[in-house]
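Enquirer: Input: one structure, supplied below.
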Amino acid sequence: MPAPSTVVLAYSGGLDTSVAIPWLQSRGHEVVALTLDVGQPVDLEATRRKALQAGARAAYVVDARDEFAEGFLSKAIRANLLYEGEYPLSTALARPLIGRHLVEVARREGARYIAHGCTGKGNDQVRFDLCTTALAPELEVIAPARVWGMTRDEEIAYAEAHAVPVPATRGSPYSTDENLWGRSVECGVLEDPALEPPEEAYAWTADPRAAPDEPERLTVGFEHGIPTALDGEAMPLAPLILALNRRAGRHGVGRIDHVESRVVGIKSREVYECPAAVALLAAHRALEGLVLPRDLLATKQSLETQYARLVYDGLWFGPLRTALDAFVEDSQLRVSGDVSLKLYKGGVAVTGRTSPYSLYQSALATYSTGDRFRHEMAEGFIYVWGLPARTWTAVGERAAVPRLRPPPAS
Ligand code: ARG
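Under this note's numbering, think of the first position of the sequence shown as 12, with each following residue one higher.
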């Protein structure tokens, strides 16, 4: 018998990826399970054991929290990434990192295949598949859940028939994904976008009604657009984000209810909990508003929209992302300073900002006596600035201007 061909499986410990192990074996594969620690609050040693119990030949857990924070989340903060203006891309940003590790393990193990538990309807399959194509076109992707055609109940029956431990979450009506940057929740009653999400859908954030009655204040220090200190204490990014998730989550900050446009053309309703992301993006934008000029802010904002979309669309390992990174990095040279935040009853407010590069000049902005602004010069400025408007009006008065006709009734 030929040696079974090895497949490296992105293993979460959930039902789909657990059932995938015996399913892949039944097709002649030997399975190596890989789980990345990207900050999900899960006992990953138990996850590793579960993979072995389900039949994996080997199961690895890799602590990738710092790599995730420094290589991905720092870029997301500098570029203020929000997909469709709402979703901080927490799930989407972790996929290329997981994809890169899958490729590394596949090469190390001499595997020809990579597998993931995504279905054919979501974005994550696109992200994993595109990562593999970009980084290792010689590898083939197997997506069991895209082809096996089992319902959830059939999967549970399959698991039981193959002595695969069924995850304790089988009773939960929700599908979730968690990492440092947030928690994604979908399915169950959330599938009706007309209905308010029930409290039980949330796990990281307090119900704002039950949040502390006193506001909590904190200061985030930034260096070149990256958060480096919390309340004056220097901290690497991953622990800073973890601490902020707890502090802001306790105040009910970071709940996002989003009907989003998936890559595959479907509209879906997802609820997110991203306390640190929401707080840090608010602080970062406030600091940029202090130190960057208007034209740079506006140009950067239009590029941020494109950056967010490419991350959502699974194009992390591509030339547009690296080119956008170069622009963003240059824009951040002066984005250093401190931002004060107030957390209170589900909201985060920026209450103060300081920077050695502040463009805010009191002597220019003040309405008190002694300002250095030369008021009389404004008149000449407005004369020249208004020239196009005067010309437009004059031409309109001299020559007959056609009017828009109402559209014909159809
Ligand atoms: N809709 C989000 C995205 O495409 C999250 C996907 C994973 N969500 C989940 N609940 N398992 O990035």
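Note that beta-carbon positions come from the ideal geometry of N, C-alpha and C, so glycine has one too.
Does the separation of the CB atoms of leucine 253 and leucine 352 fall below 7 Å?
Expert: Sequence index remark: in the sequence shown, residue 253 carries index 242 (1-based). Sequence index remark: in the sequence shown, residue 352 carries index 341 (1-based). Going by C-beta atoms, leucine 253 is not nearer than 7 Å to leucine 352.
Enquirer: Is the beta carbon of arginine 273 closer than 7 Å to that of asparagine 134?
Expert: Start at 1 with the first residue of the sequence shown, and residue 134 comes out as number 123. Start at 1 with the first residue of the sequence shown, and residue 273 comes out as number 262. Yes, they are a contact pair.
Enquirer: I want to know whether the stretch 370-382 touches the stretch 307-321 - three or more CB-CB distances under 8 Å.
Expert: The stretch 370-382, when compared against the stretch 307-321, does not touch it at the 8 Å Cβ threshold.
Enquirer: Just to confirm my understanding: we take leucine 150, look at its own chain, exclude 5 residues before and 5 after, and list those with CB closer than 8 Å. What are they?
Expert: As a first step, residue 150 must be located in the sequence shown, where it is residue number 139. Here the set comprises Val114, Ala117, Ala122, Arg123, Tyr124, Ile125 and Thr143.
Enquirer: Could you compute how far the alpha carbon of aspartate 140 sits from the alpha carbon of alanine 90?
Expert: Along the sequence shown, one-based indexing puts residue 140 at 129. Along the sequence shown, one-based indexing puts residue 90 at 79. So the two alpha carbons sit approximately 25 Å from each other.
Enquirer: In angstroms with no decimal places, state the Cα-to-Cα distance between glycine 24 and valine 270.
Expert: For the purposes of this step, residue 24 is identified with residue 13 of the sequence shown, where counting begins at 1. For the purposes of this step, residue 270 is identified with residue 259 of the sequence shown, where counting begins at 1. Computed Cα separation, rounded: 27 Å.
Enquirer: CB-CB under 8 Å to serine 16, same chain, minus the five flanking residues each way: which ones, in chain order?
Expert: Looking up residue 16 in the sequence shown gives position 5. Contacts found: Gly39, His40, Glu41, Ala122, Arg123 and Tyr124.
Enquirer: Between which two residues does the beta strand (DSSP E) carrying glycine 363 extend?
Expert: As a first step, residue 363 is located in the sequence shown; it is residue number 352 there, counting from the start. From DSSP, the beta strand (DSSP E) with glycine 363 extends over 358-365.
Enquirer: Determine the direct distance from the alpha carbon of proline 52 to that of proline 204, and round the result to whole angstroms.
Expert: Mapped onto the sequence shown, residue 204 falls at position 193. Mapped onto the sequence shown, residue 52 falls at position 41. Approximately 28 Å between the Cα atoms of the pair.
Enquirer: Could you give the distance in angstroms between the alpha-carbon of valine 406 and the alpha-carbon of proline 417?
Expert: Here residue 406 refers to the residue found at position 395 when the sequence shown is read from its first residue. Here residue 417 refers to the residue found at position 406 when the sequence shown is read from its first residue. Roughly 24 Å between the two C-alpha positions.
Enquirer: Quick check on DSSP: helix, strand or coil for proline 107?
Expert: For the purposes of this step, residue 107 is taken as residue 96 along the sequence shown, with counting starting at 1. In the structure shown, proline 107 sits in a helix (DSSP, three-state: H, G or I).
Enquirer: For glutamate 115, is the beta carbon positioned less than 6 Å from some heavy atom of the ligand ARG?
Expert: For the purposes of this step, residue 115 is taken as the residue at position 104 of the sequence shown. No, the ligand ARG has no heavy atom inside 6 Å of this Cβ.
Enquirer: Could you give the DSSP three-state label for aspartate 336: helix, strand or coil?
Expert: To locate residue 336, count along the sequence shown from 1; it is residue 325. In the structure shown, aspartate 336 sits in a helix (DSSP, three-state: H, G or I).
Enquirer: The ligand ARG heavy atoms versus the CB of aspartate 27: any closer than 6 Å?
Expert: If you number the sequence shown from 1, residue 27 lands on position 16. Outside the cutoff, so no.
Enquirer: On the CB-based measure, 16 or more other CB atoms within 10 Å of its CB, does phenylalanine 233 come out buried or exposed?
Expert: As a first step, residue 233 is located in the sequence shown; it is residue number 222 there, counting from the start. Buried, by the Cβ-count rule.
Enquirer: Just reading off the beta strand (DSSP E) that aspartate 188 is part of, what are its end residues?
Expert: The residue given as residue 188 occupies position 177 in the sequence shown. Its beta strand (DSSP E) spans residues 186-190.
Enquirer: With respect to the beta strand (DSSP E) encompassing phenylalanine 233, which residues constitute its N-terminal and C-terminal limits?
Expert: For the purposes of this step, residue 233 is taken as the residue at position 222 of the sequence shown. Residues 227-234.
Enquirer: Classify lysine 132 as helix, strand or coil using the three-state DSSP reduction.
Expert: Residue 132 sits at position 121 when you count from the first residue of the sequence shown. Coil at lysine 132, not helix or strand.
Enquirer: How many angstroms separate the CA atom of glycine 357 from the CA atom of isoleucine 88?
Expert: Here the question's residue 357 lines up with position 346 in the sequence shown. Here the question's residue 88 lines up with position 77 in the sequence shown. Cα-Cα distance, rounded: 21 Å.
Enquirer: Kindly indicate the opening and closing residues of the beta strand (DSSP E) around arginine 89.
Expert: Walking along the sequence shown from the start, residue 89 turns up at place 78. Not the beta strand (DSSP E): arginine 89 falls in the alpha helix (DSSP H), residues 85-89.
Enquirer: Using DSSP bridges, identify the partner residues of alanine 245.
Expert: Looking up residue 245 in the sequence shown gives position 234. In the DSSP output, where bridge partners are listed per residue, alanine 245 has Ala240.
Enquirer: Which same chain residues end up closer than 8 Å to glycine 82 when comparing Cβ atoms and leaving out the 5 residues on each side of it in sequence?
Expert: For the purposes of this step, residue 82 is identified with residue 71 of the sequence shown, where counting begins at 1. Correct list, in chain order: Leu108.
Enquirer: Tell me whether alanine 21 sits in a helix, a strand or coil according to DSSP, three-state version.
Expert: The residue labelled residue 21 in the question sits at position 10 within the sequence shown. Reduced to three states, the DSSP call for alanine 21 is strand.
Enquirer: Assuming the contact rule is C-beta atoms closer than 8 Å, alanine 288 and serine 101 should be a hit. Round their C-beta distance to whole Å, please.
Expert: As a working note, residue 288 is residue 277 in the sequence shown. As a working note, residue 101 is residue 90 in the sequence shown. Correct: roughly 7 Å between the Cβ atoms.
Enquirer: Does the distance from the C-beta atom of arginine 76 to that of alanine 249 stay below 7 Å?
Expert: Position 65 of the sequence shown, counted from the first residue, corresponds to residue 76. Position 238 of the sequence shown, counted from the first residue, corresponds to residue 249. Contact: yes.
Enquirer: Any heavy atom of the ligand ARG closer than 6 Å to the CB of aspartate 54?
Expert: One-based indexing of the sequence shown puts residue 54 at position 43. No, the Cβ of aspartate 54 stays beyond 6 Å of every heavy atom of the ligand ARG.
Enquirer: Assign tryptophan 215 to one of two classes, buried (16 or more other C-beta atoms within 10 Å of its C-beta) or exposed (fewer than that).
Expert: In the sequence shown, residue 215 corresponds to position 204, counting from 1. Buried, since its Cβ has 16 or more Cβ neighbours within 10 Å.
Enquirer: Quick one: Cα of threonine 316 to Cα of leucine 292, how far?
Expert: In the sequence shown, counting from the first residue as 1, residue 316 sits at position 305. In the sequence shown, counting from the first residue as 1, residue 292 sits at position 281. Computed Cα separation, rounded: 14 Å.
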